[in-house]
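Written below as structure tokens is the structure these notes are about.
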Amino acid sequence: MRILDHSGAAVAALVAFLTFAGAAGAREHDLILRDGFDAGSLQPASRGEAARFLTQATFGPSEAAIDELADSDYDRWIDQQIALPATYALPYMRSVEGVTDPLAHLPFHRYRQAWFVAAASAPDQLRQRVAFALSEILVVSERGNTLGDDGLALGAYHDILVRDAFGTYRQLLEDVTLSPAMGRYLSMYRNRKPDAANNIQADENYAREVMQLFSIGLVKLNPDGSPVLVNGATVPTYDGSVVRALARVFTGWACHCAAGQDCSADPFVVETFTCSTEHSMVPYEAYHDRDEKRLFDGIVLGAGRDARSDLASALDALAQHPNVGPFLGRQLIQRLVTSNPSPAYVARVAQVFADDGHGVRGNLGAVVRAILLDPEARVGHRLAPATFGKVREPLLRVTALWRAFDVTWQSDTLFPDDREIHESHNQSPLYSPSVFNFFSPRHAPAGTLAGAGLVAPEMQIVSANFAIRLANDVDGRVFYGYAGGELEEVDPGVRVLHLERWRTWLATTGSGALIGRLDELLLGGGMSPALRQLIATRLAAIPASDTLARVQNAAYLIATSPEFATQR
Numbered sequence: 213m214r215i216l217d218h219s220g221a222a223v224a225a226l227v228a229f230l231t232f233a234g235a236a237g238a239r240e241h242d243l244i245l246r247d248g249f250d251a252g253s254l255q256p257a258s259r260g261e262a263a264r265f266l267t268q269a270t271f272g273p274s275e276a277a278i279d280e281l282a283d284s285d286y287d288r289w290i291d292q293q294i295a296l297p298a299t300y301a302l303p304y305m306r307s308v309e310g311v312t313d314p315l316a317h318l319p320f321h322r323y324r325q326a327w328f329v330a331a332a333s334a335p336d337q338l339r340q341r342v343a344f345a346l347s348e349i350l351v352v353s354e355r356g357n358t359l360g361d362d363g364l365a366l367g368a369y370h371d372i373l374v375r376d377a378f379g380t381y382r383q384l385l386e387d388v389t390l391s392p393a394m395g396r397y398l399s400m401y402r403n404r405k406p407d408a409a410n411n412i413q414a415d416e417n418y419a420r421e422v423m424q425l426f427s428i429g430l431v432k433l434n435p436d437g438s439p440v441l442v443n444g445a446t447v448p449t450y451d452g453s454v455v456r457a458l459a460r461v462f463t464g465w466a467c468h469c470a471a472g473q474d475c476s477a478d479p480f481v482v483e484t485f486t487c488s489t490e491h492s493m494v495p496y497e498a499y500h501d502r503d504e505k506r507l508f509d510g511i512v513l514g515a516g517r518d519a520r521s522d523l524a525s526a527l528d529a530l531a532q533h534p535n536v537g538p539f540l541g542r543q544l545i546q547r548l549v550t551s552n553p554s555p556a557y558v559a560r561v562a563q564v565f566a567d568d569g570h571g572v573r574g575n576l577g578a579v580v581r582a583i584l585l586d587p588e589a590r591v592g593h594r595l596a597p598a599t600f601g602k603v604r605e606p607l608l609r610v611t612a613l614w615r616a617f618d619v620t621w622q623s624d625t626l627f628p629d630d631r632e633i634h635e636s637h638n639q640s641p642l643y644s645p646s647v648f649n650f651f652s653p654r655h656a657p658a659g660t661l662a663g664a665g666l667v668a669p670e671m672q673i674v675s676a677n678f679a680i681r682l683a684n685d686v687d688g689r690v691f692y693g694y695a696g697g698e699l700e701e702v703d704p705g706v707r708v709l710h711l712e713r714w715r716t717w718l719a720t721t722g723s724g725a726l727i728g729r730l731d732e733l734l735l736g737g738g739m740s741p742a743l744r745q746l747i748a749t750r751l752a753a754i755p756a757s758d759t760l761a762r763v764q765n766a767a768y769l770i771a772t773s774p775e776f777a778t779q780r
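Just so we're on the same page, our numbering is the position in the sequence shown counted from 1, plus 212.
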């Protein structure tokens, strides 16, 4: 019998962000460092602070990762992470599927498997976490336009995000644009120039979303992310005519056909996906619109240009737009650190996007560093405790639990509950319901948060049923999916938690020390007195000899608490 039953966990999960928001009034727009908070220090002040940083920068802290960071500093750790070789999905997927043919079908569950293995164990954690953040901004999903069960296409798309996570935004934008997965998802693949005689219009899908969601947004922004106002009204970044013009830029592209591959000579006549999805799409000039194109802000692409020239100029214009720094920077802050960054925080990150200090615009590695080392990221939980932080995404709750308890598995093949994790967690990698991701960056639950001008994007996928399922999921992992537990005996694909070290810790140091250590690991040292007392009371009711039950109950109560549901 758990001290916090499932209905209680559901209520706790639903009110988690409200608890975090407290009775806050209007959002604090600028943080001023106060005495006692040294935001300039790059050395973690405690194990809890090291865990907080790792919660923002990885798929969850582990005891080993905390030890490593405690002997280093944040800046050096970022350097080391950026220098690590990238962990890619496709080589892994082909290896476990036992295929060498680059065109061999790879079922989608192999992509999920690759993602979970990397999230749990890949050494390049920062790169993987940033790639996951980018996947929720530049969205491709299995649930759209023939991508269902195509692990090859989506594994290749994932690897673009991994490869470009620390590169330039301009390169990322081009690689995403020419990805066959994106081409199919937002119908740029085989997009034809207008032909009035045959009632053909250029497809506007990608043109609209690359502006609205991937680059400049709907309205012009100040460097701090606030909207530019003229006579009290926002200023649109583009209109319908620009969408139509940009759609004509994105005409004439189809998949690459490598030497020796059996592809149709003209994929616009005979559609084929037998060509490689790892290669960028290539132009077929007969289908590209060569007329003049008028884009936003007076930019004109003259007539007679080929597909590559038009594409390069259009992507240059998007990447150079002053909106991109605050638009992309704010969303990356939300995905890594806090849902409601101050305008000053956004402006500092946007400035690094504009110039990394070496004259490079859009250096994503420098942007990520700026986000993680910003004073607001490091001490915002103390300076603005009512408004700082974010609701943990469902997938990040799972990975945090795994990494905290040294997860292992006998078989890489996923346990069925993890293979279909979207059914319990409303989220799975590259499985969003639409191009607008699982949740909007501007989502504000009605009531206290909306009234205070605050957003909580992740709450858009939270429901009462979801909260109950999540509590049940934690129950299964902690009480049955541990080393020696029932689920491990049932299926070798179960991700197994290791609790022995904690049983030893408990027997050696006592319940208070156990709670304190788990507080550092799972909550960054921020456990409330109320939760600490709740856990202590529960553990006191369990016989001291039953160290396994005590450790399990402590882990369960933390992992189903509102405090774990929010990343501070």
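From the three backbone atoms N, C-alpha and C, an ideal C-beta is built for every residue, glycine too.
Predicted model, so just to flag it, every value in this text is computed and none were measured.
Exposure label - LEU398; buried when at least 16 CB within 10 Å: That one is buried.
Taking DSSP as the reference, what is the three-state secondary structure of LEU523? helix
Which first and last residues belong to the alpha helix (DSSP H) in which TYR768 is found? The continuous alpha helix (DSSP H) containing TYR768 extends over residues 759-771.
So, are the CB atoms of LEU576 and TYR300 less than 8 Å apart? Result no, Cβ atoms of LEU576 and TYR300 do not sit closer than 8 Å.
Is SER636 buried or exposed, if buried means 16 or more other CB atoms sit within 10 Å of its CB? Its Cβ being crowded by 16 or more others within 10 Å, SER636 is buried.
Just reading off the alpha helix (DSSP H) that HIS321 is part of, what are its end residues? 320-333 is the extent of the alpha helix (DSSP H) around HIS321.
So which of LEU733, ASP567, GLY444 and VAL702 has the shortest CA-CA distance to ARG264? LEU733
Those residues which DSSP pairs with TYR694 across a bridge: LEU709
Going by DSSP, name the residue or residues bridged to ARG506. VAL512
Can you give the Cα-Cα distance for SER347 and TYR369, rounded to whole angstroms? 9 Å
Can you list, in chain order, the residues of its chain whose CB lies under 6 Å from that of THR625, leaving out five sequence neighbours each side? GLY705
Per-residue burial, ARG609 [other beta carbons within 10 Å of its own, 16 or more giving buried]: buried
By how many angstroms is the C-alpha of VAL763 removed from the C-alpha of ASN403? 58 Å
Does the Cβ of ALA756 have 16 or more other Cβ atoms within 10 Å, making it buried, or fewer, making it exposed? By the neighbour-count definition (other C-beta atoms within 10 Å, threshold 16), ALA756 is an exposed residue.
Which residue or residues does DSSP assign as beta-bridge partners of GLN779? The bridge partners DSSP lists for GLN779 are LYS602.
DSSP state of ASP242, grouped into three classes? Caution applies to ASP242, whose pLDDT of 43 falls short of 50 and renders its modelled position unreliable; the model cannot decide the point.
Straight-line Cα distance separating GLU354 from TYR643: 5 Å
Buried versus exposed call for ILE673 [16 or more other C-beta atoms within 10 Å across all chains shown]: buried
Between the stretch 533-545 and the stretch 560-567, can you find at least three pairs of beta-carbon atoms closer than 8 Å? The stretch 560-567 makes contact with the stretch 533-545, as at least three CB pairs between them are under 8 Å.
Taking the alpha-carbon of PHE462 as reference, which of LEU425, TYR450, SER476 and ARG520 has the nearest alpha-carbon? ARG520
Looking only at DSSP bridge pairs, what is LEU441 linked to? THR446
Taking HIS655 and ALA676 to be in contact with their CB atoms under 8 Å, please state how far apart those CB atoms are, rounded to whole angstroms. Between ALA676 and HIS655 the Cβ distance is about 18 Å, and since that is not below 8 Å, they are no contact.
Smallest Cα separation from ARG590: which of GLY356, TYR286 and SER274? Of the candidates GLY356, TYR286 and SER274, TYR286 places its Cα closest to the Cα of ARG590.
Contacts around LEU441, its chain only, beta-carbon distance under 8 Å, and the 5 residues preceding and following it disregarded: VAL447
Any chance the stretch 410-419 sits against the stretch 507-522, with 3 or more Cβ pairs inside 8 Å? Taking a cut-off of 8 Å for Cβ pairs, the stretch 410-419 and the stretch 507-522 do not touch, as fewer than three such pairs fall below it.
Alpha carbon to alpha carbon, how far is ARG604 from PRO303? Give it in angstroms, no decimals. 30 Å
Which same chain residues, not among the five before or five after LEU530, have their C-beta less than 6 Å away from its C-beta? SER427
Rank SER652, VAL619, LYS602 and ALA612 by C-alpha distance to the C-alpha of THR778 and give the top, closest one. LYS602
Between ARG631 and the rest of its own chain, which residues show a CB-CB distance below 7 Å, the 5 nearest in sequence each way excluded? When the five nearest sequence neighbours on each side are left out, the beta carbons in the same chain lying within less than 7 Å of the beta carbon of ARG631 are those of HIS321 and ARG324, in order along the chain.
In terms of alpha-carbon separation, which member of PRO256, ILE294, LEU254 and ASP371 lies closest to VAL580? That would be ILE294, whose Cα lies nearest to the Cα of VAL580.
Going by the beta-carbon positions, is the gap between ARG339 and ALA277 smaller than 8 Å? Against a cut-off of 8 Å, the Cβ pair of ALA277 and ARG339 comes out as no contact.
Answer yes or no: does any C-beta atom of chain C fall closer than 8 Å to that of ALA777? In the displayed structure, chain C is absent; only one protein chain is listed.
How would you label HIS710, buried or exposed, when you count the other beta carbons within 10 angstroms and need 16 or more for buried? exposed
Close beta carbons around VAL454, own chain, < 7 Å, minus the five adjacent residues each side: LEU507 and PHE508
Rounded to whole angstroms, what is the Cα-Cα separation between ALA566 and GLY437? 14 Å
For the candidate residues LEU548, LEU718 and ALA257, whose alpha-carbon lies nearest to that of ASP758? LEU718
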